[in-house]
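> After the structure tokens below, expect a handful of questions from me.
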Amino acid sequence: MKAKMNRRQRGFSLVEVMVSVLVLSGGLLGLAFLQAQGMKFNAEAYQRTQATVLAYDMIDRLRANPAAANAGAYVVADNAAAQYAATTTPQACDTSDGSVSCNEDELAAFDLFRWYQAQQKSLALDTSNYATIQRAVINSTLDRHTITMFWVEQGNPKTQQWEVRLYVPPT
2 MKAKMNRRQR GFSLVEVMVS VLVLSGGLLG LAFLQAQGMK FNAEAYQRTQ
52 ATVLAYDMID RLRANPAAAN AGAYVVADNA AAQYAATTTP QACDTSDGSV
102 SCNEDELAAF DLFRWYQAQQ KSLALDTSNY ATIQRAVINS TLDRHTITMF
152 WVEQGNPKTQ QWEVRLYVPP T
């Protein structure tokens, strides 16, 4: 008796299933990588946006107090001066009832203090060594001002920076 050689195979072989699982796992790993990259880029964009918002906040403060701005009251030329401005609590100048009056220099010190407090909350700054944080600086030459923002992006040890320049007309 002859065996039939013409039988049809049914189902999948083990090799076919293994290849399918391998292709599927490669695709899932690719999706996980894309998701991780997307989250990283989103965090970087958030940091840049926060730096921009904070810089423009200081621009508004400079424009609101032009006499002090052009007199150099807002100048924070290096990290040591920024550290002092960020940690020295000035006289409060923001009472809603107007009971506290501040002169232009006191308002500038208060603005700097509040601005650095906002940076500490908004930007990714290394708080493990609070004294050595690279902080934003403000330089002025007469009525020309430069604000330089610093932050550290996730997974990148290099400090990032962004700079904006403005002109505050004399009063």
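Using my numbering, you'd call the opening residue of the sequence shown number 2 and step up by one each time. All C-beta atoms, glycine included, are put in the ideal place defined by N, C-alpha and C.
1) To the nearest angstrom, how far is it from the Cα of Lys159 to the Cα of Ala109?
2) Have a look at Asn130 and Pro171 and give me their C-alpha separation to the nearest angstrom.
3) Inspect the beta-carbon positions of Ala83 and Ala137 and report whether they are closer than 8 Å.
4) By how many angstroms is the C-alpha of Ala46 removed from the C-alpha of Ser100?
5) Shorter than 8 Å from the beta carbon of Ala81 to some beta carbon of chain B?
6) Tell me whether the beta-carbon of Val165 lies closer than 8 Å to the beta-carbon of Ala78.
7) Which one of Asp112, Tyr75, Val76 and Tyr85 has the shortest CA to CA distance from Gln92?
8) Assign Leu167 to one of three DSSP states: helix, strand, or coil.
9) At the level of alpha carbons, what is the spacing between Leu15 and Ser26?
10) Between the alpha carbons of Pro67 and Asp106, how many angstroms are there, rounded?
11) Cα-Cα, which of Arg64, Cys94 and Met59 is closest to Ile139?
Answer, in terms of the structure:
1) 31 Å
2) Here Asn130 scores only 48 on pLDDT, less than 50, and its place in the model should not be relied on; the value that follows carries that caveat. Going from the Cα of Asn130 to the Cα of Pro171 covers about 39 Å.
3) yes
4) 41 Å
5) Looking for chain B here will not work: only one protein chain is present.
6) no
7) Nearest option by C-alpha distance: Asp112.
8) strand
9) 16 Å
10) 11 Å
11) Met59
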